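Asker:
In this note's numbering, the protein residues as written are 821 to 893.
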C-alpha cells in the first residue's frame, strides 16, 4: 500500500497517471465519456508499443521486454 500523491514511494504510478491525464483523458475534447473510454485501448497500445520513453532511452516498454508476443520458446 502506498498513499496517493506520494512520488517518493509511488513515483512510477504517479508519473503514469500524470501522462494518462495529459495525453489521453484531457488531450482533446470528447463528445461523451463513452467516446473517451473507447479511445483508451488504442492509447494504451500506443503508450506501450510505439511511444518512446525517456527512462528507456527513447524506446517503448514493449521493445524492452524479450519475447513479448510469445512467438519464441
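We put the CB at the ideal spot given by N, CA and C, even for glycine. Just so you know, these numbers come straight off a predicted model, no measurement behind them.
Checking 8 Å against the spacing of the C-beta atoms, do residue 882 and residue 869 come in under that value?
Answerer: yes
Asker: Give a yes or no on whether the C-beta atoms belonging to residue 856 and residue 845 are separated by under 8 Å.
Answerer: yes
Asker: By DSSP, does residue 845 sit in helix, in strand, or in coil?
Answerer: helix
Asker: Determine the DSSP secondary structure at residue 867, reduced to helix, strand or coil.
Answerer: helix
Asker: Where residue 886 and residue 832 are concerned, what is the direct C-alpha to C-alpha distance, given to the nearest angstrom?
Answerer: Rounded to the nearest angstrom, the two C-alpha atoms are 21 Å apart.
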